[in-house]
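First comes the structure, then the notes that go with it.
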Amino acid sequence: MAEAHGHTPATCGPFTCEWRDVHNRVVPTAPLPADEVRERRTRNRLFVARVGDVLVGCSTVRPPVGGEGAAATVIARILPEYRKRGYGAGLYGHGLRVARELGAVAIETVVLGSNTEGLGFAVRRGFVEVETYLLPGDTVPFIDLRLAGWTTD
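In our numbering, the protein residues as written are 1 to 153.
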């Protein structure tokens, strides 16, 4: 099983490049520069997933914001050559545990519309589509999904 490794916002270096590399390969229509990844680390929980010394994925947990019914966003990204091996399930499970610790009462995720494997992964876990949108200048939509029936118990 892949291990998730997190870093505090104060650290910098290889983690930022590894997380960004996975993100930009899985979401090529919205590449992030290193400075934006560093900024995201101040707001979100970012993790990389490894099998031994091999980088296989990354994840983001956006903490819940707001009051009652606040959702955390859990996004697991696995490099295409490592999919269908259980790494996504492990990284997603880790994200759910982090979301619970952060007080989430609902879970959402975001999938690039062209990522049919990622969309199927989310739907098989009970996510339902709530919104599809294009970012300015994009031609491939993002799909926001919400996990039906999730409880914090």
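Glycine included, every Cβ here is placed at the ideal spot set by N, Cα and C.
Distance from the CA atom of G103 to the CA atom of R97, rounded to whole angstroms, is 10 Å. The beta-bridge partner set that DSSP reports for A72 consists of I107. Collapsing the DSSP output to three states places L91 in a helix. Pairing V140 with G120, the inter-Cα distance amounts to about 17 Å. Every beta strand (DSSP E) of 3 residues or more that sits fully in the stretch 111-135 is shown, in chain order, as 127-133.
Going by DSSP, A34 is part of no beta strand (DSSP E) but of the alpha helix (DSSP H) stretching over A34 to R43.
If you ignore the 5 residues before and after D138, its C-beta comes within less than 6 Å of the C-beta of T29, all in its own chain and listed in chain order. A check of alpha carbon separations from V111 across P136, F127, C17 and D144 identifies D144 as the nearest. At least 8 Å separates the beta-carbon of V56 from that of I75. DSSP lists V48 and R77 as the beta-bridge partner residues of C58. The beta-carbon separation of F142 and G113, rounded to 7 Å, stays under the 8 Å limit for a contact.
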